[in-house]
Amino acid sequence: MSKLKQMNKDMLFDDFDDKTNDEKAIFIFTSLCNFFRVATLTHNRSKPNWRPTRQEMRDSFLLHVDTRAVLKETLRNRQNRLSQFGFSNQPLPIIVGNANNNKECLVVFDQVKYVVETPMKAVDIAFKSYHSLHAEYPAESEQIWSFLQKAVYKFKSKWDRYIDSTEILVREFNEFV
Numbered sequence: 396m397s398k399l400k401q402m403n404k405d406m407l408f409d410d411f412d413d414k415t416n417d418e419k420a421i422f423i424f425t426s427l428c429n430f431f432r433v434a435t436l437t438h439n440r441s442k443p444n445w446r447p448t449r450q451e452m453r454d455s456f457l458l459h460v461d462t463r464a465v466l467k468e469t470l471r472n473r474q475n476r477l478s479q480f481g482f483s484n485q486p487l488p489i490i491v492g493n494a495n496n497n498k499e500c501l502v503v504f505d506q507v508k509y510v511v512e513t514p515m516k517a518v519d520i521a522f523k524s525y526h527s528l529h530a531e532y533p534a535e536s537e538q539i540w541s542f543l544q545k546a547v548y549k550f551k552s553k554w555d556r557y558i559d560s561t562e563i564l565v566r567e568f569n570e571f572v
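By our numbering, the letter at position 116 of the sequence shown is numbered 511, and the numbering carries on one by one without gaps.
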């Protein structure tokens with residue numbers, strides 16, 4: 396049975412229907428990384444290989460922190476970690492606060508924080524910025540971004556990397572919907 400068919404509304408959480416759209420979006424976005432294996436990343440021969448954790452994968456797709464103070468520290472640590480392995484910071488969607496009413500949605504580009512309305516908008520703006528700026532997806536979550544590109548936004552580009560697990564999930568997704 397495919398991973399998508401195994402996941403149903405009851406598996407998400409008991410009161411899914413009672414959640415706000417933002418809570419649902421945050422849950423679904425942060426759950427996407429569970430469909431993909433963590434890959435060992437290589438950037439160039441002068442830097443060591445890096446096998447990010449599942450949390451690093453999740454955070455590079457949608458970073459969720461409690462406060463602005465934690466955000467500042469997390470972004471600094473993230474920049475140091477990326478530099479250590481020869482990767483650069485890419486646009487990053489961020490949620491500050493809890494999932495319901497006390498949240499702030501941001502997209503960070505080169506240390507500049509842009510406030511947006513919803514988590515969905517933050518992910519959408521980050522995605523579109525990768526393509527309009529011809530930037531690479533964050534290495535840790537490339538599989539997730541590639542999945543969104545092919546399954547949700549429904550397009551391919553000549554710069555796409557073939558990732559077997561992503562292609563399989565896109566096929567399953569297209570059969571499922």
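Even for Gly, the Cβ is constructed at its ideal location relative to N, Cα and C. What you are looking at is a predicted structure, and each value in this text was computed from that prediction instead of being measured.
The Cβ atoms of I563 and C428 do not sit closer than 8 Å to each other. By DSSP's assignment, P488 forms a beta bridge with V502. Listed in chain order, the beta strand (DSSP E) runs fully inside the stretch 425–462 are 458–460, counting runs of at least 3 residues. If you draw a straight line from the Cα of L487 to the Cα of V503, it is about 5 Å long. Of the candidates Y548, P447, K498, the residue whose Cα lies closest to the Cα of T462 is K498.
For a cut-off of 8 Å, the C-beta gap from K551 to V565 is around 10 Å, too long to register as a contact. Annotation: N472 to Y548 spans about 31 Å, alpha carbon to alpha carbon. Going by DSSP, V572 is part of no beta strand (DSSP E) at all; its letter is neither H nor E. Beta-bridge analysis with DSSP links V507 to F504. Contact check for A530 and S524: beta-carbon distance about 7 Å, within the 8 Å limit, so the pair qualifies.
Shown here for M515: same chain residues with a beta carbon closer than 6 Å to its own, the five before and five after excluded, namely A420 in chain order. Restricted to the stretch 511–541, the alpha helix (DSSP H) segments that are unbroken, complete and at least 4 residues in length are 514–527, listed in chain order.
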